[in-house]
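Okay, so the sequence shown: first residue is 36 according to our numbering, each after it adds one. We treat Cβ as the ideally placed atom computed from N, Cα and C, and that holds for glycine. Just so you know, these numbers come straight off a predicted model, no measurement behind them.
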Amino acid sequence: MGRPGKSMRQSARAMTLIELIVVMGLLSIVLALSMPLLSRFARGRSLQEEARRMLALTQYGRNEAVSRGVPMELWIDSDNGAYGLSPAPGYDDQETKEPIEFTLGTGLTVEAETTATQKSAMLVILCQPDGSIEASSPSRLIIRDLEHDEAIGLEQIEGGLGYAMMEELEQEAAANVRTATSRRTR
């Protein structure tokens, strides 16, 4: 009589192993089907991360210019895929910090709309010690992913006190329109 109970336990274990194999097979199929979607998601994230890093560098440049009392240059060399921050040439900076330099992500490039003519192929955003952005700095930066035809822009804030991501500016403008509309209806 001991044998019938033992075979039932063995069949229960075998059934569990078969269920595990089926579940693993289903997970493999789902992952294989979702990989193209995940790769597109990752590409979009790298573009956003680059835009946020550049935006953070513009804010850091303004803060450094104010705290050091020295104009700071955020330079963008799109041809070589690099950008960075350093004190403006000709200013004797008491604090000798190494310049900050970043490399653009693969397939990314930076374009600019300027209000003044640039003197060289390198784009320069000049942060003044009073916290303002020099008028000759680009009014808009567009970071493009050439491989996937996507772009994110940074636009100079009204009054020249920094930059903001264009999607944030659009949301802010929409909120201002809603506020103005609600005031008119009162």
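Two segments are said to touch when three or more pairs of C-beta atoms, one from each, lie closer than 8 Å; by this definition the region 96-109 touches the region 158-165.
Note on residue 59: under 16 other CB atoms within 10 angstroms of its CB, so exposed under the neighbour-count rule. When C-alpha distances from residue 137 are compared across 124, 148, 64 and 84, the shortest belongs to 84. Setting aside the 5 residues that flank it on each side, residue 146 is surrounded in the same chain by 177, each with a C-beta closer than 6 Å to its C-beta; the list follows chain order. Boundaries of the beta strand (DSSP E) around residue 135: 135-138. Excluding sequence positions up to five before and after residue 96, its CB lies within less than 6 Å of the CB of 107, 109, 120 and 162, all in the same chain and listed in chain order.
Going by beta carbons, residue 195 and residue 160 fall outside the 7 Å limit.
With distances taken between CA atoms, residue 140 lies nearest to 89 out of 89, 175, 126 and 125. The beta-carbon separation of residue 190 and residue 201, rounded to 5 Å, stays under the 8 Å limit for a contact. If the five residues before and after residue 179 are omitted, its C-beta is found closer than 8 Å to the C-beta atoms of 143, 144, 145, 146, 185 and 186, all from its own chain and listed in chain order. The three-state reading of DSSP puts residue 198 in strand, counting E and B together.
In the three-state reduction of the DSSP assignment, residue 93 falls in the helix class. In the DSSP annotation of this structure, the continuous segment of the beta strand (DSSP E) that includes residue 159 starts and ends at 158-162. Closest in alpha carbon position to residue 174, among 93, 53 and 181, is 93. Within the same chain, 119 and 121 come within 6 Å of residue 134 by CB-CB distance, once the 5 residues on both sides are set aside.
Partner residues in the beta bridge of residue 179, as assigned by DSSP, are 144 and 186.
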